[in-house]
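Residue numbers (the working numbering): 1 to 336.
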């Protein structure tokens, strides 16, 4: 259920955090502000109605939508009484989740751009394509081809977020990189002894994944670091999405975030000389964050643009005094 809500809202630019139970949700809601909460009526540890009552007793007035099984009218009634704005019954569709979120937040769904990530698989094994399709969220578009020529043709016509290419055809990645400057490119290894995945950028390739590709690798590594949107435009500002998942994936996240932010900021610089970038959701990793800011400054300086970065106090403490950010305009802002 949590994955379904996330997949429904991420294409609209929502930054979605998942909590496995009511107690975890309560801790996060007390630590940082949120615009909207979807509460499962049957959450473990602390159920939806119980969490809602506790939130209101603490003065936390975040907008709330209850997710029900359709047979819990008393719980729905009491939750509405305690301030839940709406409820959704299972099973629900992505469109239903989007409509409810837009209505509760006062947004016009027709004006929200829908971004559908794209993945290109160049590999001869049809079984891999089938397993990949089953493991990807429904909103992710997958093109699968067995011929390099077909892959090159598709890559010349559409922008992809991730390309998975046969490791035995190394020159294929080099050719595809020409048109796919923003995408991550991972080689697919047929070696049965290869690890599930390795992030090790070299040339046009960002790393290697095994052809034994399973759902955990697709959702926790490939989707979170390369496929989901890592940057959004909001009120003229480029907003970076936060990191999710295993801390060992930080290098992959920062590498792809840099690639995406450079491309987005270049497009913004073509329209406005001043480019505003909000990095407050990015982890306060001193080395990686300083490198990211320095790389963006260098990239935009070449384009004749002046970047300004909004960062949190924690981030400022992490990168303060670093030579990479010596010339960067750093603006403080509370965590978002």
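Yeah, the Cβ is synthetic: ideal placement off N, Cα and C, and Gly gets one too.
What would DSSP say about residue i, mapped onto helix, strand or coil?
i           : result
residue 274 : strand
residue 197 : strand
residue 280 : coil
residue 231 : strand
residue 54  : helix
residue 20  : coil
residue 202 : strand
residue 32  : coil
residue 46  : coil
residue 63  : strand
residue 14  : coil
residue 85  : coil
residue 327 : coil
residue 239 : strand
residue 183 : coil
residue 213 : coil
residue 338 : Because the chain here runs from 1 to 336, residue 338 falls outside it and cannot be looked at.
residue 38  : strand
residue 69  : coil
Mind checking whether residue i and residue j have CB atoms under 8 Å apart?
i           : j           : result
residue 113 : residue 223 : no
residue 35  : residue 1   : no
residue 273 : residue 318 : no
residue 308 : residue 265 : no
residue 330 : residue 311 : yes
residue 98  : residue 26  : no
residue 62  : residue 55  : yes
residue 281 : residue 6   : no
residue 344 : residue 151 : Here the chain has residues from 1 to 336 only, and residue 344 is not among them.
residue 260 : residue 182 : yes
residue 84  : residue 52  : yes
residue 292 : residue 258 : yes
residue 123 : residue 166 : yes
residue 158 : residue 189 : no
residue 160 : residue 118 : yes
residue 164 : residue 209 : yes
residue 21  : residue 37  : no
residue 28  : residue 17  : yes
residue 121 : residue 141 : no
Would you tell me roughly how many angstroms separate the C-alpha atoms of residue i and residue j, rounded to the nearest one?
i           : j           : result
residue 269 : residue 89  : 44 Å
residue 162 : residue 248 : 20 Å
residue 174 : residue 92  : 42 Å
residue 197 : residue 328 : 35 Å
residue 228 : residue 243 : 11 Å
residue 185 : residue 271 : 29 Å
residue 256 : residue 191 : 26 Å
residue 87  : residue 58  : 22 Å
residue 108 : residue 321 : 43 Å
residue 67  : residue 234 : 28 Å
residue 110 : residue 95  : 12 Å
residue 363 : residue 8   : As displayed, the chain neither begins before 1 nor continues past 336, which places residue 363 out of reach and without an answer.
residue 296 : residue 205 : 21 Å
residue 105 : residue 33  : 14 Å
residue 125 : residue 156 : 23 Å
residue 200 : residue 225 : 14 Å
residue 279 : residue 326 : 17 Å
residue 285 : residue 316 : 11 Å
residue 60  : residue 245 : 27 Å
residue 143 : residue 237 : 31 Å
residue 24  : residue 42  : 14 Å
residue 134 : residue 187 : 20 Å
residue 146 : residue 168 : 13 Å
residue 232 : residue 253 : 15 Å
residue 290 : residue 10  : 27 Å
residue 262 : residue 100 : 34 Å
residue 220 : residue 194 : 18 Å
residue 324 : residue 299 : 13 Å
residue 170 : residue 47  : 51 Å
residue 217 : residue 294 : 31 Å
residue 339 : residue 50  : The chain is shown only over 1 to 336; residue 339 falls outside these bounds and no answer can be derived.
residue 69  : residue 139 : 24 Å
residue 283 : residue 213 : 28 Å
If I'm right that residue i touches residue j with Cβ under 8 Å, what's the distance once you round it to whole angstroms?
i           : j           : result
residue 148 : residue 172 : 5 Å
residue 230 : residue 240 : 7 Å
Examine chain C for any beta-carbon lying closer than 8 Å to the beta-carbon of residue i, and answer yes or no.
i           : result
residue 274 : This model lacks chain C altogether; it includes just one protein chain.
Which runs of the alpha helix (DSSP H) at least 4 residues long sit entirely within the stretch 96 to 170? Give them in chain order.
126 to 135, 148 to 157
Can you list the alpha helix (DSSP H) stretches of 4 or more residues lying completely in the stretch 280 to 321, in chain order?
286 to 302, 313 to 319
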